[in-house]
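In what follows, a structure is listed as structure tokens, so that the remarks can point back to it.
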Amino acid sequence: MKRFVLTLLAIINGLRRRRERIGAREEEARREEGPIVPPGPHAPRAELAVALLLFAAALCGAGFIVVYAVGGDWNRTQLQGITLGGAFAFLAIALITVGKHLVSEEEVEDSYHDPEHPSEQERIDKIVEESASGITRKKLLITAGGAAGAAVGLAAITPALTLGPLLDTDELRETPWRRGLRLIGEDGKPLFAGQVEEETFYTAFPEHADRDLIGSPVVVVRLAPEQLRLPPERAKWAPLGIVAFSKVCTHAGCAIALYRKPTFKPTQPRPALVCPCHYSTFDPARGGEVIFGPAGRPLPQLPLVVGGDGILRAGGNFSGQVGPAYGTVRSRRPT
Amino acid sequence: MRRLAVAILFLLATAPAHAQPPAGISRPANASALSPIELGAALYAGNCSTCHGIAGRGTSDRGPSLRDAGAQAADFYLRTGYMPLTHPDQQPKRGHVDFSERELRVLIAYIASLGNGPPVPAPHPERGNLREGLRLFTSHCAGCHQIVGQGGVVTGARVPPLDQATATQIAEAVRIGPYLMPKFSERDISPAQLDSLVRYVQLTQHPPDRGGWGIGNIGPFPEGMITWLLAALALIATCMVIGRRLGS
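Protein chains in written order, with the numbering used here: chain A, 1 to 335; chain B, 336 to 583.
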């Protein structure tokens, strides 16, 4: 990391020096002739406004980075939107102001000719250079513009940090399930293992937890134990053949609201949990494996145990990350 | 000429025989001489036992046991025309019922006598609560059947529309879970809740019209599009009339 930053600084320094050298040589050549563009309007107040606007854009860009890094629940996406949107808005107003008040306009009628000619090229360069003659506080504006550009640019690449280890994104992987938590049915009553029947499905939530959390709802089905083809490490996750999966589809986050079960196994399709949005189909007997549809990951399975009171309890956390595709970038076991 | 007369006579003589057995149903020759339970057994042997086995024991690869199916499942599968299937791998579909009412009654009674299955339920939709029905339908049924019971698909099967389902058939389907549908016990959906559910499904079969043209209750978006298209045509026509008046 340190070496990387040092290399970056060295490159920037080198570029700046090179530009200075080239700039000095050209400056001399141009000073020999008179100006082409008439001196521009002097508008110190507009200049100040532009500088302030650029600084405001920089502030908004920095604000986005802070909001992204700090996180928290309170209107996080809205704040991100406001700060990034504000940065672009201030940048836009600043550029409009520059165009209207600081750069002198000149319309030149000229026939087309070869712009490759060196002296013509120099002439154009000179026009461009002198267009900025109305600007007096060059340094201030360059600083403000640099700050705005840097802040907005950094803000734009900040979300990429989610890919890396720098920011703490563990909250995306948090679920309310803990070992020993009871499964509570939709009616608010605990789910008893003996009540769970085959050929139907139940929705359950962890006790004392917010039902709206993406990691909360699970769909519970019971299969004949000999039907189960769970991975070996999950052998003890399905007491009495009862399995539980996250109710949130791993494709687009819809609720797994469909359960198909065969009336007669030899001639009919096998049991499956289906998402009604895009028909992602998961096999509960094989640990939520995708058997059809656009989902890219299996449905996360919740290990179950039966407590001494006969109530179903979580035996730990999910087998994989709960929620739709955005979580697939770095998929880890939830905490 | 004489040959034609003979042919007509032949047709007249055989017509009743042709009209009587519709395709696919096998009937005992001496149906009227049999007692109800004998007729039921004979109809079962002729139409069901190939897949469901002798005395409802089932077969390993063609059809499940009917020992505990009871009158509830038999009534549902036979009166919707789901059974008999021409091929055991087919998805059962609602179709024409080839059995007569008497045959249905004796066959259902025979299948019910094979084990201790549940009887035909008697829902009372008039006691149900429409709001509760909508809530239950939304959480248990609409995922597959769509919110107005128009049906749809689930991977591997077609989900039937509910427009022709009778109150009894809705109640039966909820309890037995035909084909790939999950079943719901009385603890999942109580008999009172089932009444509400049936009442809601009946509402979707005959949605209330608040006056005006219903356009087949095809939904708010297509209805709105039709309204706009018609309104746009009317507006254009009005503009043309005004333009012509001003022009002349």
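The C-beta atom is built at its ideal place from N, Cα and C for all residues, glycine as well.
The structure presented is a predicted model; accordingly, all values stated were derived computationally and were not measured.
>> Can you pull the chain B neighbours of VAL274 (chain A), defined as C-beta to C-beta under 7 Å?
In response: VAL489 and THR490
> Between which two residues does the beta strand (DSSP E) harbouring SER246 (chain A) extend?
Replying inline: 242-246
> What does GLY398 (chain B) reach in chain A if we use C-beta pairs closer than 7 Å?
Replying inline: PHE264
> With which residues is GLU198 (chain A) paired in a DSSP beta bridge?
Replying inline: A:ARG222
>> Three or more C-beta pairs under 8 Å: does that hold for the segment 80-95 of chain A against the segment 49-65 of chain A?
In response: yes
>> DSSP three-state label for ARG286 (chain A), please.
In response: Three-state result, ARG286 (chain A): helix.
> When the Cα of LEU439 (chain B) is compared with those of B:MET418, B:PRO458 and B:ALA457, which residue comes out closest?
Replying inline: B:MET418
> Which residues in chain A sit within 9 Å of PHE556 (chain B), going by Cβ to Cβ distance?
Replying inline: Residues of chain A passing the Cβ test: none, with the nearest at roughly 18 Å.
>> Classify CYS574 (chain B): buried if its beta carbon has 16 or more other beta carbons within 10 angstroms, exposed otherwise.
In response: exposed
> What is the DSSP secondary structure of ARG45 (chain A), counted as helix, strand or coil?
Replying inline: Secondary structure at ARG45 (chain A): helix, using DSSP grouped into helix, strand and coil.
>> What residue range does the alpha helix (DSSP H) around GLY578 (chain B) cover?
In response: Its alpha helix (DSSP H) spans residues 555-582.
> Which of helix, strand or coil does DSSP assign to ASN317 (chain A)?
Replying inline: When secondary structure is reduced to three states using DSSP, ASN317 (chain A) falls in the coil class, being assigned neither helix nor strand.
> Would you say ARG222 (chain A) reaches chain B, if we count a Cβ-Cβ gap shorter than 7 Å as a contact?
Replying inline: no
> Beta-carbon of ALA198 (chain A) versus every beta-carbon of chain B: anything under 7 Å?
Replying inline: The sequence given here has Glu at residue 198 (chain A), not Ala. Chain B contact via Cβ: absent.
>> Between the alpha carbons of ARG286 (chain A) and PRO303 (chain A), how many angstroms are there, rounded?
In response: 14 Å
>> Using only the alpha-carbon positions, how far apart do LEU564 (chain B) and GLY554 (chain B) sit?
In response: 16 Å
> If you measure from the beta carbon of LYS428 (chain B) to each beta carbon in chain A, is any gap under 7 Å?
Replying inline: No, no contact with chain A.
>> Suppose the cutoff is 8 Å on Cβ atoms and the five residues either side in sequence are ignored; what does the same chain contact list for ARG429 (chain B) look like?
In response: THR415, GLY416, TYR417, PRO495 and GLN499
>> Spatial neighbours of PHE318 (chain A) within its chain, please: C-beta separation below 8 Å, excluding the five flanking residues on both sides.
In response: THR175, TRP177, GLY215, SER246, PRO300, GLN301, LEU302, ARG333 and PRO334
>> For the segment 183-216 of chain A, list every residue whose C-beta sits within 7 Å of some C-beta in chain B, in sequence order.
In response: For chain B, the residues of the segment 183-216 of chain A that bring a beta carbon within less than 7 Å of one of its beta carbons are GLN195, GLU197, GLU199, THR200 and PHE201, in chain order.
> In three-state DSSP terms, what is GLY185 (chain A)?
Replying inline: strand
> Residues of chain A with a CB under 9 Å from the CB of GLY452 (chain B): which are they?
Replying inline: None at all; the shortest Cβ gap to chain A is about 14 Å.
> Taking the C-alpha atoms as reference points, what is the distance between ARG182 (chain A) and PRO190 (chain A)?
Replying inline: 7 Å
> Listed from N- to C-terminal order along the chain, which residues in the segment 498-529 of chain B have their beta-carbon within a distance smaller than 7 Å of any beta-carbon of chain A?
Replying inline: GLY512, PRO513, TYR514, LEU515, PRO517, LYS518, PHE519, SER520, ARG522 and ASP523
> Between PRO324 (chain A) and chain B, is there a C-beta pair that is closer than 7 Å?
Replying inline: no
> Does the beta-carbon distance from GLY253 (chain A) to PRO298 (chain A) come in below 7 Å?
Replying inline: no
> MET560 (chain B): buried (16+ other C-beta within 10 angstroms of its C-beta) or exposed?
Replying inline: exposed
>> Measuring only the C-alpha atoms, how far is PRO557 (chain B) from THR281 (chain A)?
In response: 30 Å
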